[in-house]
Amino acid sequence: MALISRLRLGRRGGEKKKKTTTKKKKEKKKEKEEEERKKKKKKKEKERRRRRRRRRRMRRRKGEEE
1 MALISRLRLG
11 RRGGEKKKKT
21 TTKKKKEKKK
31 EKEEEERKKK
41 KKKKEKERRR
51 RRRRRRRMRR
61 RKGEEE
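Numbering (UniProt numbering), first residue to last: 1 to 66.
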């Protein structure tokens with residue numbers, strides 16, 4: 001009897017059962033979003049470098065032609 005009443009105590013008086021899984025899910029989601037941001041940043045940087053190289057090449061060619 002004592003065990004049952006102890007289990008029920010937590011939800012009496014409008015108290016809700018504590019959820020532990022949501023915290024872990026949120027942390028996982030945050031980590032995933034952070035990874036996505038890092039990937040995006042890396043991709044943008046790579047693209048910028050590519051554009052710079054292309055511009056330099058074009059300028060050199062123009063200089064040689066003139």
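For each residue, glycine too, the CB sits at the ideal point set by N, CA and C. Quick caveat: nothing in here was measured; it's all calculated off a predicted structure.
- Assignment of Thr20 by DSSP, reduced to helix, strand and coil, places it in the coil class.
- Glu36 and Arg52 have their C-alpha atoms spaced approximately 24 Å apart.
- Taking the Cα positions, Lys32 is about 12 Å away from Lys40.
- Our two residues, Thr20 and Arg48, have alpha carbons roughly 43 Å apart in a direct line.
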